[in-house]
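A.B. asks:
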Amino acid sequence: MAFWWPLIVLALAYAICRFLLMLIPPNVPSIDVDASDMVDDGNQSQENSFIYIPPRGRTQQSDKKVQCYEPATMKYLGYSPALTADEVKERVALARKAQKVWAKSSFKQRRQFLRILLKYIIEHQELICEISSRDTGKTMVDASLGEIMTTCEKITWLLSEGEKWLKPEYRSSGRSMFYKKAKVEFHPLGVIGAIVSWNYPFHNIFNPMLAAVFSGNGIVIKVSENASWSGCFYLRIIQAALAAVGAPDSLVDVITGFAETGEALVSSVDKIIFVGSPGVGKMIMKNASETLTPVTLELGGKDAFIVCDDVDVPHVAQIAVRASLQSSGQNCAGAERFYVHRDVYSSFISQVAKIVKSVLAGPPLAGKYDMGAICLLEHSDKLQDLVNDAIDKGAEILARGSFGHLGEDAVDQYFPPTVIVNVNHSMKLMQEETFGPIMPIMKFNTDEEAIKLANDSRYGLGCAVFSGSQRRAKEIASQIHCGVAAINDFASNYMCQSLPFGGVKDSGFGRFAGVEGLRACCLVKSVVEDRWWPYIKTKIPKPIQYPVAENAFELQESLVEALYGLNIWDRLRALVNTLKLISDQNSPVGSTRRND
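Numbering-wise (my numbering), the sequence shown opens with residue 3 and increments by one.
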């Protein structure tokens, strides 16, 4: 016992010191970011306060400007330039120059960059959420959940574990190379290109940026034409943090424009990360193939939400509604297909209908609303078409939420939260990605049927399975062909930033987030070196030196068995024979080469 006491005392002392160090606040400087032109204080000039009327019958593709407006009110916000291909290449060249400097930065400097960002985000949550809300129409609560919490979680994970996963990783050297050290090194790729969607403009910029910069890369991000206004402000935050740690501000850039802008980015960078639709993803992949640029594609989903007969129905109903209505249903990992066991079907749809009827949608910054607007123009028409197709095929609207006071110019930007029952897989609503606040609920009888229904989709991003038996839920989830599975929860995977995120089938391939996403920003290099250099090193046995001896193949056969034989006796016998063949090579007869 006397032996253990000193060790226990040392361990306690170490723990106390670590705890005391945690109480000392880190020295993190504050950054000042000008947001005077982003806040609606009611004093906007006349020319910048009009209602934006989008052109009908044509797109903005031919314009030189990306027009920006509030989806919730259609109030004009301004415009961003639509960059040409040459302008994009100039931006990438600047990022590439800055990256050569940043690649030599220490992890200490990179962590300080993250801490500065984290401090700013925590202190300016309302500003960041308000700007996201104005540009996309989501509520402040939805913005906090999807923009702030996810980004803060990613930063804290990188601060805690990022360096660990980017350091050289030593691997087994195997039997034949036992005298070697084998390792994997992770080097920056160069300049990453990201083309991101509009639904979470803050997080969709920060998510690839954080991984790229922490792993020593530069990054150029092409934001959606539907969220360019906020993206340009979020860049100011990043560049202020870069300046605070002495990094070149061109290391990170945000560019705006249309298809031409994105195409130019694909052909200019060392890797592309794309978040968007399958159709555009396929075009990006085709363009990337011209330069053999690696791609990561996250192309949305049609996630299944399975409710077994042994659940706490009121509890699961609340999660189900949030899974469907978060950010007005505009989530790539949103629940879009609900499969409920027949024994709890009636009580479940009753609970869900009650909740949905209480949901009030309206301009999120104009009052207390539960749900905001639809971001994309004319998307409400598409949602109604999906509902009409389902009704024509026998479905029924069970419940709908209501609207608050909507400005007459923005009525088309809203869609009521809707619960639909009696659905089946012949309906477009159960096959196409909805991206809206619609809950189609279908009954199932057995677990096998639920699994079959969940897999009957061209998408494979995620699923959520609820059961009173965790073992049962895990068994069901394990048989669903998708990249992300939540057991008795919804989308909790994304808040575990150590986990990779991505899907299969039409949901894309490759992963971002987690260890896999961080290392995907790296040139992965395998390195082998001598373990006991210079005392032991590779020497080619004389029989297989050029010109090879007559018994060279016999030697190889014996060597293979010595290394890989199935039992120790066979390996020892082969080793003796190998040594004999090598020693025989020294005799005149043994060194004679066959000459036919």
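Heads up, the beta-carbon is just placed ideally off N, CA and C, and yes, glycines get one too. All values reported here derive from a predicted model rather than from experimental measurement.
By DSSP, does Pro-280 sit in helix, in strand, or in coil?
C.D. replies: As a working note, residue 280 is residue 278 in the sequence shown. Here Pro-280 sits in helix by DSSP.
A.B. asks: For Lys-2, name the three-state secondary structure that DSSP assigns.
C.D. replies: Since the displayed the chain opens at 3 and closes at 598, residue 2 lies outside it and no answer follows.
A.B. asks: What span of residues does the beta strand (DSSP E) with Ser-82 cover, start to end?
C.D. replies: Translated into the one-based positions of the sequence shown, residue 82 becomes position 80. Ser-82 -> beta strand (DSSP E) spans 78-83.
A.B. asks: Which stretch, first to last residue, makes up the beta strand (DSSP E) that contains Met-444?
C.D. replies: Translated into the one-based positions of the sequence shown, residue 444 becomes position 442. Segment 440-446, the beta strand (DSSP E) holding Met-444.
A.B. asks: Please report the residue range of the alpha helix (DSSP H) in which Leu-124 lies.
C.D. replies: Indexing the sequence shown from 1 puts residue 124 at position 122. The residue you asked about is not Leu; residue 124 is Ile in the sequence shown. Where Ile-124 is concerned, the enclosing alpha helix (DSSP H) stretches over 109-125.
A.B. asks: Roughly how many angstroms lie between the CA atoms of Gln-48 and Val-94, to the nearest whole one?
C.D. replies: Taking the sequence shown and counting its residues from 1, the one referred to as residue 48 is at position 46. Taking the sequence shown and counting its residues from 1, the one referred to as residue 94 is at position 92. Unreliable placement is indicated for Gln-48, whose pLDDT of 44 sits below 50; no coordinate value is reported for it.
A.B. asks: For the candidate residues Arg-339, Ser-585, Asn-209, whose alpha-carbon lies nearest to that of Gln-433?
C.D. replies: As a first step, residue 433 must be located in the sequence shown, where it is residue number 431. Out of Arg-339, Ser-585, Asn-209, Arg-339 has the C-alpha closest to the C-alpha of Gln-433.
A.B. asks: Thinking just about the alpha-carbon of each residue, which of Gln-328, Ala-213, Ala-196, Lys-544 is nearest to the one in Glu-300?
C.D. replies: The count along the sequence shown starts at 1 and reaches residue 300 at position 298. When each option's Cα is compared against that of Glu-300, the closest is Ala-196.
A.B. asks: Residues in its own chain within less than 6 Å of Ser-326 by CB, not counting five upstream and five downstream?
C.D. replies: Numbered from its first residue, the sequence shown carries residue 326 at position 324. Correct list, in chain order: Ala-337, Met-441.
A.B. asks: Using the rule of at least 16 other Cβ atoms within 10 Å of the residue's Cβ for burial, across every protein chain shown, is Phe-555 buried or exposed?
C.D. replies: The residue you call residue 555 lines up with position 553 of the sequence shown. Phe-555 should be labelled exposed.
A.B. asks: Less than 7 Å between the beta carbons of Gln-101 and Val-247, yes or no?
C.D. replies: Locating residue 101 in the sequence shown gives position 99, where the first residue counts as 1. Locating residue 247 in the sequence shown gives position 245, where the first residue counts as 1. No, these two residues do not count as a Cβ contact at 7 Å.
A.B. asks: Use the C-beta contact count for Gln-111: other C-beta atoms within 10 angstroms, 16 or more gives buried, fewer gives exposed.
C.D. replies: In the sequence shown, the residue the question calls residue 111 occupies position 109. By the 10 Å Cβ count, Gln-111 comes out exposed.
A.B. asks: With a cut-off of 8 Å, do at least 3 Cβ pairs link the region 161-173 to the region 441-457?
C.D. replies: They do not touch, by the three-pair rule.
A.B. asks: Is Ser-404 helix, strand or coil when you go by DSSP?
C.D. replies: Position 402 of the sequence shown, counting from 1, holds the residue named residue 404. Reduced to three states, the DSSP call for Ser-404 is strand.
A.B. asks: Between the Cα of Asp-535 and those of Met-151, Glu-132, Lys-182, spot the shortest distance and give me the residue it belongs to.
C.D. replies: Looking up residue 535 in the sequence shown gives position 533. Note on identity: in this sequence residue 535 is Trp, with Asp being the wrong assignment. Nearest option by C-alpha distance: Lys-182.
A.B. asks: Pick helix, strand or coil for Ile-130, following the three-state DSSP scheme.
C.D. replies: As a working note, residue 130 is residue 128 in the sequence shown. Here Ile-130 sits in helix by DSSP.
A.B. asks: Quick check on the DSSP output: the beta strand (DSSP E) that includes Cys-19 runs from which residue to which?
C.D. replies: Counting from one through the sequence shown, the residue named residue 19 turns up at place 17. Segment 6-25 is the alpha helix (DSSP H) holding Cys-19; no beta strand (DSSP E) there.
A.B. asks: Under 7 Å between the Cβ atoms of Glu-187 and Lys-544?
C.D. replies: As a first step, residue 187 is located in the sequence shown; it is residue number 185 there, counting from the start. As a first step, residue 544 is located in the sequence shown; it is residue number 542 there, counting from the start. Going by C-beta atoms, Glu-187 is not nearer than 7 Å to Lys-544.
A.B. asks: Starting from the Cα of Ala-74, find the closest Cα among Met-497, Cys-377, Ile-482, Tyr-548 and give me that residue.
C.D. replies: Translated into the one-based positions of the sequence shown, residue 74 becomes position 72. Looking at the Cα atoms, Cys-377 is the closest of the given residues.
A.B. asks: If we require 4 or more residues per run, which alpha helix (DSSP H) segments fall completely within the region 174-220?
C.D. replies: Qualifying alpha helix (DSSP H) stretches, in chain order: 203-216.
A.B. asks: In chain order, what residues of the same chain have a beta carbon less than 7 Å from the beta carbon of Cys-484, not counting five sequence neighbours either side?
C.D. replies: Position 482 of the sequence shown holds residue 484. Cβ neighbours of Cys-484 beyond the five flanking positions: Gly-462, Leu-463, Gly-464, Cys-465, Gly-505, Val-506.
A.B. asks: Confirm, please, whether the CB-CB distance from Ala-213 to Cys-498 is below 7 Å.
C.D. replies: Within the sequence shown, residue 498 is the residue found at index 496, counting from 1. Within the sequence shown, residue 213 is the residue found at index 211, counting from 1. Going by C-beta atoms, Cys-498 is not nearer than 7 Å to Ala-213.
A.B. asks: Let me check one thing: in DSSP terms, what residues is Ile-240 bridge-paired to?
C.D. replies: Locating residue 240 in the sequence shown gives position 238, where the first residue counts as 1. Answer is none; Ile-240 lacks a bridge partner.
A.B. asks: Please classify Trp-6 as buried or exposed, where buried requires at least 16 other C-beta atoms within 10 Å of its C-beta.
C.D. replies: Position 4 of the sequence shown, counting from 1, holds the residue named residue 6. Per the 10 Å Cβ criterion, exposed.
A.B. asks: Once the 5 residues before and after Gly-510 are set aside, which same chain residues still bring their CB inside 7 Å of it?
C.D. replies: Along the sequence shown, read from residue 1 onward, the residue named residue 510 stands at position 508. Once the five neighbours on either side are set aside, the close Cβ partners of Gly-510 are Gly-283, Leu-299, Glu-300, Leu-301, Gly-504.
A.B. asks: Are Leu-85 and Thr-263 close, meaning C-beta to C-beta below 7 Å?
C.D. replies: In the sequence shown, counting from the first residue as 1, residue 85 sits at position 83. In the sequence shown, counting from the first residue as 1, residue 263 sits at position 261. Yes.
A.B. asks: Residue range of the alpha helix (DSSP H) that Arg-521 falls in?
C.D. replies: Stepping through the sequence shown from its first residue, residue 521 is reached at position 519. Unbroken alpha helix (DSSP H) run through Arg-521: 516-521.
A.B. asks: For Thr-152, count the other beta carbons within 10 Å of its own beta carbon; 16 or more makes it buried, fewer makes it exposed. Which is it?
C.D. replies: Numbered from its first residue, the sequence shown carries residue 152 at position 150. Buried is the call here.
A.B. asks: Does the beta-carbon of His-317 have 16 or more other beta-carbons within 10 angstroms, so that it is buried, or is it exposed?
C.D. replies: For the purposes of this step, residue 317 is taken as residue 315 along the sequence shown, with counting starting at 1. With fewer than 16 Cβ atoms within 10 Å of its Cβ, His-317 is classed as exposed.
A.B. asks: Measuring only the C-alpha atoms, how far is Lys-77 from Tyr-71?
C.D. replies: Locating residue 77 in the sequence shown gives position 75, counting from the first residue. Locating residue 71 in the sequence shown gives position 69, counting from the first residue. Between Lys-77 and Tyr-71, the C-alpha separation is close to 5 Å.
A.B. asks: Reducing DSSP to helix, strand and coil, say where Arg-339 ends up.
C.D. replies: As a working note, residue 339 is residue 337 in the sequence shown. Of the three classes helix, strand and coil, the one that applies to Arg-339 here is strand, per DSSP.
A.B. asks: Cα separation between Gly-281 and Lys-288?
C.D. replies: Along the sequence shown, one-based indexing puts residue 281 at 279. Along the sequence shown, one-based indexing puts residue 288 at 286. Between Gly-281 and Lys-288, the C-alpha separation is close to 11 Å.
A.B. asks: Threshold first: 4 residues or longer. Then list the alpha helix (DSSP H) segments lying entirely within the region 317-390, N to C.
C.D. replies: As far as the region 317-390 is concerned, its whole alpha helix (DSSP H) runs of at least 4 residues are 344-359.
A.B. asks: If you scan the region 459-496 from start to end, which runs of the alpha helix (DSSP H) of 4 or more residues do you find wholly inside it?
C.D. replies: List check, alpha helix (DSSP H) in window: 472-480.
A.B. asks: Apart from the five residues just before and just after Pro-180, which ones in its own chain have a Cβ nearer than 7 Å to its Cβ?
C.D. replies: On the sequence shown, residue 180 is found 178 positions in, with the first residue counted as 1. Note on identity: in this sequence residue 180 is Phe, with Pro being the wrong assignment. Same-chain partners within the cutoff: there are none.
A.B. asks: Between which two residues does the alpha helix (DSSP H) carrying Asp-305 extend?
C.D. replies: Here the question's residue 305 lines up with position 303 in the sequence shown. Where Asp-305 is concerned, there is no enclosing alpha helix (DSSP H), although the beta strand (DSSP E) it sits in stretches over 305-309.
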